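Heads up: the protein sequence lines correspond to chains P and E, in order.
Using our numbering, read the first sequence as starting at 62 and increasing by one per residue.
Using our numbering, read the second sequence as starting at 15 and increasing by one per residue.
Built from N, CA and C at the ideal position, the CB exists for glycine as well.
It should be emphasised that the depicted structure is a prediction, and the values quoted were computed from it without experimental measurement.
Heads up: the structure comes next, in structure tokens.
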Amino acid sequence: AQRVTQPEKLLSVFKGAPVELKCNYSYSGSPELFWYVQYSRQRLQLLLRHISRESIKGFTADLNKGETSFHLKKPFAQEEDSAMYYCALSGSYGKLTFGQGTILTVHP
Amino acid sequence: DGGITQSPKYLFRKEGQNVTLSCEQNLNHDAMYWYRQDPGQGLRLIYYSQIVNDFQKGDIAEGYSVSREKKESFPLTVTSAQKNPTAFYLCASNTALNTEAFFGQGTRLTVV
Numbered sequence: 062a063q064r065v066t067q068p069e070k071l072l073s074v075f076k077g078a079p080v081e082l083k084c085n086y087s088y089s090g091s092p093e094l095f096w097y098v099q100y101s102r103q104r105l106q107l108l109l110r111h112i113s114r115e116s117i118k119g120f121t122a123d124l125n126k127g128e129t130s131f132h133l134k135k136p137f138a139q140e141e142d143s144a145m146y147y148c149a150l151s152g153s154y155g156k157l158t159f160g161q162g163t164i165l166t167v168h169p
Numbered sequence: 015d016g017g018i019t020q021s022p023k024y025l026f027r028k029e030g031q032n033v034t035l036s037c038e039q040n041l042n043h044d045a046m047y048w049y050r051q052d053p054g055q056g057l058r059l060i061y062y063s064q065i066v067n068d069f070q071k072g073d074i075a076e077g078y079s080v081s082r083e084k085k086e087s088f089p090l091t092v093t094s095a096q097k098n099p100t101a102f103y104l105c106a107s108n109t110a111l112n113t114e115a116f117f118g119q120g121t122r123l124t125v126v
């Protein structure tokens, strides 16, 4: 079975502070991992995926197979980063499994 | 304007009624998905389809049914057997295994 766990439902930081959104997964094969973001009144959209190894809007995420983690990080949070963030795993047959989501609030 | 369109945006249902949520995409994607979004529970997979005329149950399929008669359409029916249907429903699609999924704007269903 494939499972994604995001332990924090809510995360609050001040502008300019570092932020880390945690994601742990369970999957027996080689997973494809993603971070999706949902800004207020917008549809859910892809933020980044582990295979591209790129930084989007200052966010990065590294797949750690030993710890089965895919934490999302940003060194200096901005107010516009406030949103709901979902970690997702694509496993067998392209089935996409999401975590519970983390609401990030960046205070001015 | 390409993308995924869900309709209606808001839907009210009386107890005991079946309702159908529409999902249409013009992205030429093979795979389509239905998720349910509840506060604190994230997105849970209801049904998914990798190809026309074929679909599989997700993690919470009970009380729901789908069809995939056309590549661009994947309607979801919420039946009276679904005990707690009030939720936000999201439809998604992608091209092949392990690629970016595109989402619709969602339908908020309320049982009155």
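Going by beta carbons, L90(E) and G72(E) fall outside the 8 Å limit.
Spanning the alpha carbons of L105(P) and G30(E) requires a straight line of approximately 31 Å. For the set L123(E), Y49(E), G118(E), the Cα lying nearest the Cα of Q161(P) is the one of Y49(E). Here A101(E) is near Q51(E), since their CB atoms are less than 8 Å apart. With a threshold of 8 Å between beta carbons, L35(E) makes no contact with chain P. Following the DSSP letters along the chain, one finds T158(P) inside the beta strand (DSSP E) bounded by residues 157–159. Rounded to the nearest whole angstrom, the C-alpha separation of Y24(E) and G127(P) is 44 Å. Just measuring C-alpha positions, the residue of T121(E), N108(E), Y78(E) sitting nearest S94(E) is Y78(E). The criterion of a C-beta distance shorter than 8 Å is satisfied by Y61(E) and V80(E).
For a Cβ distance threshold of 8 Å, nothing in chain P lies close to L41(E): the least Cβ distance comes to about 14 Å. In terms of Cα proximity to D142(P), the closest of A149(P), P79(P), Y86(P), P68(P) is P79(P).
Of the residues T166(P), V65(P), P136(P), the one whose Cα lies closest to the Cα of S89(P) is V65(P). Beta-bridge analysis with DSSP links I65(E) to D68(E). Per DSSP, the continuous beta strand (DSSP E) segment holding S87(P) begins and ends at 85–87.
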